[in-house]
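Data block below; observations after.
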Amino acid sequence: MSFVPSEMTTAEVEASELLYGGLAQDVRHLVDVAIRTNVDADRVAAARALVRQAEQVLAEDASTEPAGIQFNTEGRSWNWGNAVVGVRNAIAPPVILRWSDDGSVRSEVDLGVAYEGPPGCVHGGVSALLLDHLMGETASAAHTRLIVTGTLTLRYLQPLPLGRVRMQAQVTNEDDRKVTVTAHLGPDGGEPAVEATGLFIVPRWAREGSVSGSLD
Numbered sequence: 001m002s003f004v005p006s007e008m009t010t011a012e013v014e015a016s017e018l019l020y021g022g023l024a025q026d027v028r029h030l031v032d033v034a035i036r037t038n039v040d041a042d043r044v045a046a047a048r049a050l051v052r053q054a055e056q057v058l059a060e061d062a063s064t065e066p067a068g069i070q071f072n073t074e075g076r077s078w079n080w081g082n083a084v085v086g087v088r089n090a091i092a093p094p095v096i097l098r099w100s101d102d103g104s105v106r107s108e109v110d111l112g113v114a115y116e117g118p119p120g121c122v123h124g125g126v127s128a129l130l131l132d133h134l135m136g137e138t139a140s141a142a143h144t145r146l147i148v149t150g151t152l153t154l155r156y157l158q159p160l161p162l163g164r165v166r167m168q169a170q171v172t173n174e175d176d177r178k179v180t181v182t183a184h185l186g187p188d189g190g191e192p193a194v195e196a197t198g199l200f201i202v203p204r205w206a207r208e209g210s211v212s213g214s215l216d
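So the sequence shown is numbered by full-length UniProt numbering: it starts at 1 and just counts up by one.
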């Protein structure tokens with residue numbers, strides 16, 4: 001695991017997020033309509049040609065490396081390729097997290113047809129993905145310590161309908177390098193659909209101040 005220092009200023013990072021975040025949002029809309037469309041073969045062919053053209057334009061200057069986690073000298077960090085919060089990743093909803101004074105972390109996110117599992121419901125693996133990230137962020141104590149997931153236990157209570165979803169996580173125990181977090185996720189205004197408990201670990205190398213190493 002590594003973190004990459006960047007010479008970008010925070011203002012430049014925010015401008016880049018605005019530019020490429022808009023592109024990612026357009027791709028999310030494209031994925032959504034591609035699932036729902038019923039146009040004829042000719043219009044599908046025309047749409048595919050436009051998509052290939054867009055791909056060629058964007059590939060003219062594209063990195064071959066993972067996006068990774070970057071940080072600058074102003075204390076700003078970013079993880080644009082992250083599958084949950086990545087501003088530039090069209091797979092990410094994306095989730096926007098809110099920290100509370102009591103250490104809990106909350107979020108609301110809209111999950112459309114791209115995240116469907118059972119008919120009309122969110123895929124259980126998507127719920128696990130969101131909760132894993134939410135709980136990891138919670139265990140990090142607002143990014144003041146680096147942690148990795150040790151174990152994650154989920155209990156599925158009821159189907160989670162597509163649409164607005166709310167989730168919350170809270171640290172319940174800390175023991176040396178081990179942090180226990182509980183969380184739940186459910187429909188907006190409804191009862192929890194999934195409950196989770198996770199054990200998160202602060203790697204030894206992270207405690208020693210290194211920026212790379214094993215997950216031990």
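Don't be surprised by glycine CBs; every beta carbon is placed ideally from N, CA and C.
Secondary structure note for E108: it is in no alpha helix (DSSP H), and the uninterrupted beta strand (DSSP E) holding it is V105 to L111. CA-to-CA, the gap between V202 and T149 works out to about 9 Å.
In this structure the region 186-195 does not touch the region 134-149; the number of beta carbon pairs closer than 8 Å is below three. Between the alpha carbons of F3 and D40 lies a distance of about 47 Å.
Classified as exposed, P118 has fewer than 16 neighbouring CB atoms from the shown chains inside 10 Å of its CB. Contact between L160 and P187 is confirmed by a C-beta separation of about 6 Å, below the 8 Å threshold. With a contact defined as Cβ atoms closer than 8 Å, D110 and P94 miss out at about 11 Å. Under the three-state reduction of DSSP output, H123 falls in the coil class, being neither helix nor strand.
For the set Y20, R43, P66 and G136, the Cα lying nearest the Cα of W99 is the one of G136. Taking all protein chains in view, the Cβ of N89 is crowded by 16 or more other Cβ atoms within 10 Å, so the residue is classified as buried. Taking C-beta atoms under 8 Å as the contact rule, A128 and L154 qualify, at a distance of about 6 Å. Our two residues, G103 and L152, have alpha carbons roughly 20 Å apart in a direct line. Rounded to the nearest whole angstrom, the C-alpha separation of L50 and F200 is 44 Å. Counting along the chain, Y20 sits inside the alpha helix (DSSP H) bounded by residues T10 to R36. By the CB criterion at 8 Å, V113 and R36 fall inside the cutoff. Boundaries of the alpha helix (DSSP H) harbouring E55: A41 to A59, taken from the DSSP string. Judged by their CB atoms, T10 and R76 are nearer to each other than the 8 Å cut-off. In the structure shown, the three-state DSSP call for E7 is coil. Along the length of the region 119-198, whole alpha helix (DSSP H) runs at least 4 residues long occupy 124-139, reported in chain order. Checking the DSSP bridge columns, you'll see R98 partnered with R106. In the displayed model, W205 falls within a helix according to three-state DSSP.
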